Structures are given as structure tokens and as C-alpha cells.
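Take a look at the structure set out below.
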Amino acid sequence: MMKMIQLILPHNPPRQSVANRPRAEIIRRWVETADERCPLACVWFALPELVADLDEEPESPQPAFSLFRLKAGCLPSINNLPAPFSLAQSLKNSIHTIAVILLLAISLVTNAQERDLIDDRPSHPAKLPEAPTPADETVLTMFPHSETSRFYIAGQANIIFQADGAFHSPYEGTNSFIGRGEYKVSLLGTLYLGAQLRRDPKTETDALFNLESAGGRGLSEALGLAGFTNLDVVRNPNLGSVPYMARAQVHQTIGFTDKLIESSRTPFSLATQVPERRLEIYVGKMSLPDYLDINSIGSDSHLQFMNWTVDNNGAWDYAADTRGYTYAAVFEYDDKAWSARYALALMPTVANGIDLDWNLRQASGQNWEFELRKPLLGNLLPPDRKGVVRVLGYVNHAHMGLYRVANQAYTSGEDPTPEITKHETYGAVKYGFTLNAEQELTTNLRAFGRFGWNEGQHESYAYTEVDQTFEIGSDYSGRRWSRPYDKLGLAFVSNAIKADHQAYLGFGGLGFLLGDGKLNYAREDILESYYNLHAWRGVYYALDLQYINHPGYNQDRGPVLVESVRMHVDF
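Listed below in C-alpha cells is the structure:
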């Protein structure tokens, strides 16, 4: 392993003379027993030790990831290089980084398994203590944030490079996932601002504002997949990367008890202590998944999975514009072991449109959610293993059409091609429900699942084209190999649409995402895995793979393998 790392890592000439600096040597340390050496030691310390100048204070060795942080950060330049040279050159520049991360992941898992097996042997010396868990004050952002200031300022940047190769595609339509293979880069940046207008925990009032910019594009312009591969992508590339107001809201807390509990400070709530029983109210511009269908294992495209229908429930056609935001009011009651939420939101004027309909009498999205915080497996697990289950129901009123009416208009000769937008009416109702659960199984292993269903007769209108979905997955903490902020994740999701929706696409109809010209129907099945590596402070890198069978519900096309590299920075 040591030789492989040395071959992969680039050898740059020293900037200062050899006379002033001793020859750099590989440092082997941390885990070493009488008859084995941990591969982790070779990977983590496979760097020259930093030797101070004679007139400087001595410095400690730097971790290996500090060597290639900036090289991985070069990925955004891929989109600026002339094709086709850009892909080859960019991959060449980043291949050392990718290879080292892959070797790291393999060595960590292998070593963890070997050590478990070896420790079970008779008379084998006890293994040395594991690396200490970082203290609670470990900084996971580029700059520390005050827990006591009245004001809050933070930010994030998320850069995702995605590529897929050519796949079996006997035909393509207007909204098909392109079969020839391509690569794209997306960049999402957000500035979070907040102020505590009132600081009494029982009557806390926050003013929240977010400015955001979404640049780059998605594979196939984010068309052709119900479970698209990059949640950061804006589905209308014509909107550009000009900064826009993502969120602007007032958050009010009303406490019903004097008992206070600790609360993490976030961009959506600035208090560090809140009443155990309380009512929280959010009014303004927001994204409904900020407060509903949350799952701590599968909801964050910045540090976890990237697929639309893995991070959110695909059958929940939640009210939103093209960018995923709407104006809404959210009411949340929290008790010791349960919470209840209600949200009323504006719907777009057209399917997946940027403009919102402000007439609540003719268009609105209503959502109800109940959350129970109890272990899901009862006595099968220790009582300290946390579990959560959430049940959500929604009803959307909007200017929508029926797939069956559009199909009948086509088969009768009224319409030359199926076009559901010609048969939209006000007062149309789309409804559904979702189930969302997560459970801690061991100190390091967690599992989660989702199920979603909607009536499927009315057109998919706001989020994606899914009428039924089933998902299961898990993540594993890097504590096992002394990297507590690393995560390894795996998820499988299967999406489906109803018969009228199938027939509409089969006749050549177009949705706002799908349309191959014809359809040989099958469920769209997606397997996604990732490894998220914490490099330093708020810097993270991730490798992600998504295997998609029957893209766009069409078994005549695919399968598709999408590879991703992500860099995330929390400021």
C-alpha cells in the first residue's frame, strides 16, 4: 500500500534549498502492533513531514488530505476548458486525488475487518487505543460561529462534477436522457443571514434571509430521469446563475413550558435553547423540504446522497417554483417525543414554472406531517438507539390536467399528439401520502426508508414525475477507522407511474421532465453510493456512483452509470 501511495502522489521539487531542509521522510505511526501494521497509518501519514526553518517555530506534521485539497478544488475549471480536451485534461489533473481517496476507502474498510478478525484470535495482544474522538468544540466550518451573538452569518458552496458514458438507446425523444454520454458541472452557493429580534427563549423571534446562486447545468439539461442525479441543478438553465433571494422569512417561537432543552443553531433557527413544548411558526419564502419529510440520513445533497428521489420523496409533489422555493406558512408543534406540522404554500402557475399563483382560492398546496421519536424495533435494540417515523399527507389545488382526458383527445383525433396542457382546469386536485423512517442500529450504522404514493391521474406538477416510490438505505460513520466525520452511504430507490401516465408517455406525450417519444414501461430503479471525506474544517470531498436501470421508465433504454465528484465548503 505504501508503494502504491508513493507512486500516485505527485513529487514536486522543494521550494527551498536542500541545505536548509532535511530530506522529507514518510511518517509511520498511530496503529502498529507486534505483528501487523495498519494500512491506515500508511495512507494518513504518507506525506513528507514539515520541517520548520531555523528562524521559525516548529510545526506538526500535516494530514495527507492537505496535500491535494487544492487539486480537488480544480474540478470547477472543467466547464471552462474547450471540449473535447476539457474532460481528458481535467480528469488527468484530478486522477491523483481520486486514486488516493479510493485507496483510502479500500484500506480503511479492509483494515477494520482484519483487525476485528485478528483480535478474536487466542493470545493475541490487545489492540492499541483508537484515535481519540474529536472534542465537541471541533470546528466543522471554515470560520467559527458565535453561539451568543444576536446576528448570524454563514455560507456554503457545493460543486458537483458528473459524467456518464454512452449507453443502449435505440431511440430518443425531446425529453430523453441523452444516450451518447456527456459531462456537466454544477455550482450552488448560498449566503445565510439571520438576526434575533427577540432573544427570550419562550418568545424568540428571528429574521432570516438567504441569497443564492445556482450555476452550471445538469446532464441532459436535467431531463429524461424521474430520479435525476443532481439535486442542486435548476431545471430551467435559461435562468442563469444571477444571485436570487432563496429564503426570506420570520420565525416565531411560542413556549408552553419553562423547561428548556438544548438546540443547535442553524440557518433556520438561531436559538440555542428552546422550550420542550412549543409552537414554532415560519412565514415567508422558503423550501418546504426545509421543514417536512426531513431525514437525517437521506436529505442533504451537500454531504449525503445526490439523487432527487433519494434525498426527497419522489411521490411528494410539493409546492415549489422551478428553483424549489415558494411562499408559505409553516406551523410546527413540538413535544418531548412527537411533533406535528402544517404548511400552506403557493403553487406554480404552470407545471414546474418559475411564477407562483397568489390566488389561494384557486391554487394552493396543503401539507400535514406527524413525527414520532421512538425506537422502531422495540426491545430488539438498546433503548438508547434513536428512531424516528414521519407520516405526511398533502393536497394540491392547481391548474392541472388529467392524463386520461389528454389520452382520449389524442386517440379520438382531436389532438395530433398528446398534450396535457391543453386540458388543464382550475380546481383540479392532486393528493398523496408518504412514510419516512430512520433508525440507529449501532454506534456507527444507521438505516432509513421511505414510501410514497399519489393518485397519479393528474399531471405531475411541481417536483418530479413519480406516482409511487419505495426507498431503503443506510450510512456508516468513519468512527470505525478513526475518521468520525467521514460517511459511507448506500441507497436503493424504485419509482413508478400509474397506467394513464404510462399511456400518455407511450403515445408520445411530454411531461415537464420525461418524454422518449414512446415507452416500453418498467419501473425506474436507482442504486446510489457515496463516500464523503472530511478534509479540513469545513471542506469535504465525495465520490458518488449512481446506477440507473430503465431511465425514464423505459426498459428499451439503459442502464446508465453516472459518476460524480463533489467538493463542499461550509463557511
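Note that my numbering has the sequence shown beginning at -3, numbered continuously upward. Each residue gets a CB set at the ideal place from its N, CA and C atoms; glycine is no exception. Model, not experiment: these values are computed from the prediction.
Item                                                                                                                              : Value
Short Cβ contact (9 Å threshold) for residue 548 with residue 232                                                                 : no
Spatial neighbours of residue 369 in its chain, beta-carbon cut-off 6 Å, leaving aside the 5 residues before and after            : 333, 384
For residue 349 and residue 279, the rounded distance between their alpha carbons                                                 : 22 Å
Residues that residue 155 bridges to, as DSSP identifies them                                                                     : 183, 563
Spatial distance of residue 311 from residue 557 (CA atoms)                                                                       : 23 Å
Three or more C-beta pairs below 8 Å linking the region 327 to 342 and the region 437 to 446                                      : no
Cβ neighbours of residue 147 in the same chain (closer than 6 Å, five flanking residues each side left out)                       : 191
Three-state secondary structure (DSSP) of residue 221                                                                             : coil
Within 9 Å, strictly: CB atoms of residue 293 and residue 444                                                                     : yes
Cβ contact (3+ pairs, closer than 8 Å) linking the region 415 to 432 and the region 472 to 481                                    : no
First through last residue of the beta strand (DSSP E) which encompasses residue 278                                              : 274 to 282
Nearest residue (CA-CA) to residue 564, options 389, 533, 277, 546                                                                : 533
Nearest-angstrom Cα separation, counted from residue 405 out to residue 180                                                       : 38 Å
Beta-carbon proximity check, residue 515 vs residue 542, cutoff 9 Å                                                               : no
Reduced DSSP secondary structure (H/G/I, E/B, other) of residue 497                                                               : helix
Beta-carbon contacts of residue 273 that lie in its chain and below 6 Å, excluding the five residues immediately before and after : 252, 253, 331
Under 9 Å between C-beta atoms of residue 538 and residue 527                                                                     : yes
Close Cβ partners of residue 449 (< 7 Å) along its chain, the five nearest in sequence each way excluded                          : 311, 428, 429, 464
Other residues of its chain near residue 411: CB distance less than 8 Å, five sequence neighbours each side excluded              : 402, 405, 418
Simplified DSSP state of residue 256, which is helix, strand or coil                                                              : strand
Residue 247, buried or exposed, once every other Cβ within 10 Å from all chains shown has been counted against 16                 : buried
Beta strand (DSSP E) runs wholly inside the region 320 to 385, at least 3 long, in chain order                                    : 322 to 330, 334 to 341, 360 to 368
Under 9 Å between C-beta atoms of residue 174 and residue 220                                                                     : yes
Bridge-paired residues (DSSP) for residue 201                                                                                     : 194, 248
Three-state secondary structure (DSSP) of residue 532                                                                             : strand
Nonlocal neighbours in the same chain, by C-beta distance under 8 Å from residue 371, ignoring five residues either side          : 377, 379, 381, 382, 383, 435
DSSP state of residue 108 mapped onto helix, strand, coil                                                                         : Residue placement at residue 108 is flagged as unreliable, the pLDDT there being 42, under the threshold of 50; a coordinate-derived value is accordingly withheld.
Where the alpha helix (DSSP H) through residue 457 begins and ends                                                                : Unbroken run through residue 457: none, as it is neither H nor E.
CA nearest to the CA of residue 164, picked from 552, 567, 531                                                                    : 552
Three-state secondary structure assigned by DSSP to residue 405                                                                   : helix
Residues that DSSP places opposite residue 300 in a beta bridge                                                                   : Answer by DSSP bridge pairing: none, since residue 300 is not bridged.
The region 293 to 305 / the region 231 to 245 touching (three or more Cβ pairs under 8 Å)                                         : no
Residues sharing a beta bridge with residue 542, DSSP                                                                             : 524, 558
Terminal residues of the beta strand (DSSP E) in which residue 435 lies                                                           : 420 to 436
Cβ neighbours of residue 367 in the same chain (closer than 7 Å, five flanking residues each side left out)                       : 334, 335, 384, 386
Per DSSP, cross-strand counterpart(s) of residue 393                                                                              : 360, 425
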